[in-house]
Amino acid sequence: MSRNVFCIKLQREAEGLDFPPYPGELGKRLY
Numbered sequence: 030m031s032r033n034v035f036c037i038k039l040q041r042e043a044e045g046l047d048f049p050p051y052p053g054e055l056g057k058r059l060y
């Protein structure tokens with residue numbers, strides 16, 4: 030089951046990632 034998030038780059042709802050791509054604060058922000 031996926032989750033939807035608001036993508037800042039695309040300016041629309043998009044499917045969220047399964048896990049944070051980077052460690053730390055940047056990963057939390059991208060996740």
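Counting the sequence shown from 1 gives a position; our numbering is that position plus 29. For glycine and all other residues, C-beta sits at the position ideal for the given N, C-alpha and C. The structure presented is a predicted model; accordingly, all values stated were derived computationally and were not measured.
Distance, residue j Cα to residue i Cα
i                : j          : result
leucine 84       : alanine 43 : Residue 84 falls outside the range modelled here, since the chain spans only 30 to 60, and no answer is possible.
phenylalanine 48 : leucine 55 : 12 Å
leucine 39       : glycine 53 : 23 Å
Close-in-space but distant-in-sequence residues of the same chain around residue i (CB under 6 Å, 5 per side omitted)
i           : result
valine 34   : Gly45
cysteine 36 : Ala43
Nonlocal neighbours in the same chain, by C-beta distance under 7 Å from residue i, ignoring five residues either side
i           : result
serine 31   : Glu44 and Gly45
lysine 57   : Pro49
tyrosine 51 : Leu59
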